[in-house]
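Have a look at the structure below before the remarks.
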Amino acid sequence: MNKNDFIFKNRVYIFSFLLFILLNISFFYLTRYYSFHKAEEKVEDFLLNVKALRNFVSHGQKNEIYSLKEQNILEKGFFSPVLMSSTYISARVNEEYNELLKNINRPPIKIRFSSINPRNPNNKASDLEADLLKKFNKKELSVYKEVVKTEYGDALYYAVPTKITTDACMRCHSDPKIAPTGLIEIYGNKAGFYEHKGDIRAMLSTLYPMEAEYKDSAMLFLILLCSSFIIFSLIIIFFNKYTKILHKNNSLLKERIDLEVSNNKEKDLLILQQSKMASMGEMIENITHQWKQPLSAMMTQSTGTLLQKELGIVDEKAYVKTLENVVSNVNYLSTTIYFFKEFFTGEREKKVLQPKILIEKVCNVIISSIKRHSIQIENNIDASIKIKSYENELIQVFLNIINNAKDALVEQDNAKTRYIIIDATDTEDYLEISIKDNAGGIKEEYLKKIF
Ligand code: HEC
Numbered sequence: 227m228n229k230n231d232f233i234f235k236n237r238v239y240i241f242s243f244l245l246f247i248l249l250n251i252s253f254f255y256l257t258r259y260y261s262f263h264k265a266e267e268k269v270e271d272f273l274l275n276v277k278a279l280r281n282f283v284s285h286g287q288k289n290e291i292y293s294l295k296e297q298n299i300l301e302k303g304f305f306s307p308v309l310m311s312s313t314y315i316s317a318r319v320n321e322e323y324n325e326l327l328k329n330i331n332r333p334p335i336k337i338r339f340s341s342i343n344p345r346n347p348n349n350k351a352s353d354l355e356a357d358l359l360k361k362f363n364k365k366e367l368s369v370y371k372e373v374v375k376t377e378y379g380d381a382l383y384y385a386v387p388t389k390i391t392t393d394a395c396m397r398c399h400s401d402p403k404i405a406p407t408g409l410i411e412i413y414g415n416k417a418g419f420y421e422h423k424g425d426i427r428a429m430l431s432t433l434y435p436m437e438a439e440y441k442d443s444a445m446l447f448l449i450l451l452c453s454s455f456i457i458f459s460l461i462i463i464f465f466n467k468y469t470k471i472l473h474k475n476n477s478l479l480k481e482r483i484d485l486e487v488s489n490n491k492e493k494d495l496l497i498l499q500q501s502k503m504a505s506m507g508e509m510i511e512n513i514t515h516q517w518k519q520p521l522s523a524m525m526t527q528s529t530g531t532l533l534q535k536e537l538g539i540v541d542e543k544a545y546v547k548t549l550e551n552v553v554s555n556v557n558y559l560s561t562t563i564y565f566f567k568e569f570f571t572g573e574r575e576k577k578v579l580q581p582k583i584l585i586e587k588v589c590n591v592i593i594s595s596i597k598r599h600s601i602q603i604e605n606n607i608d609a610s611i612k613i614k615s616y617e618n619e620l621i622q623v624f625l626n627i628i629n630n631a632k633d634a635l636v637e638q639d640n641a642k643t644r645y646i647i648i649d650a651t652d653t654e655d656y657l658e659i660s661i662k663d664n665a666g667g668i669k670e671e672y673l674k675k676i677f
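Under this note's numbering, the first residue of the sequence shown carries the number 227, and numbering increases by one thereafter.
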């Protein structure tokens, strides 16, 4: 595995891990929210039961007592909270309920009435309750919910207004003079009187323990956590398998590409070699041409001098001149052979080159055959143009193209003048060198083999 793969894999792992954490944080809050929602539903049900009980007392029980009074079975001033106060009765029923809960080891669900003007001093509203009550009366609030800490852990505090004061309430909550005497005897004539019709005189609140809901949500969270863990693990396993396969395929592909590249290199080398051989033939032909004249000059002069020596008429001056000529010819021969050698064995390094000079060098190599076939070469390349490249490779290319042009021109044996024109245009990205001849163009069948 290379470094990039390693980094990529690590990134995927870190990303998945973060996603897993993020997902589970949202799961946690989601399940918590769910538990509040569930608790709310239960509290609403619970309070609905309290309300039902109170309605039963108000509409059923109280009316029954009033009719007993009408029939004089009960005294007119009779009053008992156990029979006639719905708040008292629901508070007592709630106590019984909590007692039963305690027996089965469950936390209590307490209800509480609170009023600014309470009849029962137990129902005296705290500052917070009084504040809420005012808001209920101003219709700023219709229900109040809050999670609070209690000795049984978190609990949902839920408060709603009680019934609006009506005519029916006035019998016991307006002027103490019209209230049942039995009521005054128990509660006195001060507390819970002089209420107004249309007011909300109290609120009903409860503290609902969240324990059960928390347990449910914890369970749900655990299920979600485990499932997401399994899903993420599966994704990672599949990802690992997939990357392994991908990696294997990649290395197979790389091997094949490497093989192809080395094959191509070999082919290139072969072509280069072949073109070298071709130019070698050309070169040997040229060497023969270039050497023919000086060799025969040396031959003539030395045999002339030898003859003079045999005849005993050696002229000192002519003798020296012959030797000088021989030396100069040998020098010439050695320069040409050196030039050819340079040409084919120079070092393989990029150099700053002048294309004009390169073309001149190429023309020099084939000068004799050019002259022989009376071809005119116009080297129009600007001397100021420079490029950085491999000298020998370029010479090879130019030599082949110019040679081909020359061969084509030689094949056309009509009388017109034979031209090879070489131009160069320098663009921003590359240098374009064009070699044109008037041999009539390349045959179509060869065209597709060129590039
Ligand atoms: C027959 C007399 C009677 C009538 C009618 C009556 N109440 Fe009461 N009410 C009482 C008594 C007595 C208490 C105190 C009960 C206790 O000891 O908890 C009380 C307590 C309350 C409380 C609890 C707060 C506090 O003051 O202690 C509320 C709320 C309340 N009444 C509202 C009403 C409303 C609303 C109506 C009319 C729909 C009404 N009552 C009608 C007698 C009456």
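C-beta atoms are modelled at their ideal positions from N, C-alpha and C, and glycine is treated no differently.
Within the same chain, Cβ atoms closer than 7 angstroms to the Cβ of L625 are found at S505, V588 and V591, the five residues on either side in sequence being excluded. Taking a 10 Å sphere around the C-beta of L448, we find fewer than 16 other C-beta atoms and assign the residue as exposed. Taking 7 angstroms as the cut-off, one finds no heavy atom of the ligand HEC near enough to the beta carbon of R338. Every beta strand (DSSP E) of 3 residues or more that sits fully in the stretch 376-436 is shown, in chain order, as 379-387 and 429-435.
The secondary-structure analysis by DSSP pairs R644 across a beta bridge with I601. In the three-state scheme derived from DSSP, where H, G and I count as helix and E and B as strand, T526 is classed as helix. DSSP places I613 inside the beta strand (DSSP E), whose first and last residues are I613 to Y616. Comparing alpha carbon positions, the residue from I647, G666 and E670 closest to S660 is I647.
The C-beta distance from K632 to S595 rounds to 7 angstroms, short enough to fall under 8 angstroms. Comparing alpha-carbon positions, the option among K336, D401 and T392 lying closest to A385 turns out to be K336.
Taken from the Cβ of R427, at least one heavy atom of the ligand HEC lies inside 7 angstroms. Ranking N551, L446 and A417 by CA distance to the CA of K543 puts N551 first. For E355, the secondary structure class from DSSP, reduced to helix, strand or coil, is helix.
D425 is positioned such that its CB atom lies closer than 8 angstroms to that of T391. According to DSSP, residue pairing for V578 in a beta bridge involves K614.
Of the heavy atoms belonging to the ligand HEC, at least one sits nearer than 7 angstroms to the Cβ of P307. Beyond the five residues adjoining it in sequence on each side, I315 comes within less than 6 angstroms, by CB distance, of V283 in the same chain, given in chain order. Taking C-beta atoms as the reference points, E321 and S340 fail to come closer than 8 angstroms.
Straight-line spacing of the CA atoms in F272 and E366 works out to 24 angstroms.
Cα atoms of L294 and C398: separation of roughly 18 angstroms, rounded to the nearest angstrom.
A Cβ-Cβ distance of about 6 angstroms is found for the pair L579 and I613, placing them in contact under the 8 angstroms criterion. For S431, the shortest separation between its Cβ and any heavy atom of the ligand HEC does not lie below 7 angstroms. Among the bridge pairs identified by DSSP, E658 is matched with T651. Listed in chain order, the alpha helix (DSSP H) runs fully inside the stretch 235-306 are 288-296, counting runs of at least 4 residues. When Y420, A394 and L537 are compared, the shortest CA-CA separation from N281 is found for A394.
Taking the C-beta atoms as reference points, L358 is found nearer than 8 angstroms to Y370.
One thing to note: P402 has its Cβ no nearer than 8 angstroms to the Cβ of G303. If the five residues before and after L256 are omitted, its C-beta is found closer than 6 angstroms to no C-beta atom of its own chain. Ranking E637, K264 and P347 by CA distance to the CA of K441 puts K264 first. In this structure, K389 has its beta carbon less than 7 angstroms from a heavy atom of the ligand HEC. Just measuring C-alpha positions, the residue of P520, I291, P307 and S453 sitting nearest E301 is I291. A straight line joining the alpha-carbon of Q516 with that of N490 spans about 38 angstroms. The three-state reading of DSSP puts I592 in coil, since its state is none of H, G, I, E or B.
Note on geometry: alpha-carbon atoms of I410 and N349 lie some 18 angstroms from one another. The C-alpha of Q519 is placed about 28 angstroms away from the C-alpha of Q638. The residue from P435, I342 and M429 with its alpha-carbon nearest to that of K375 is P435.
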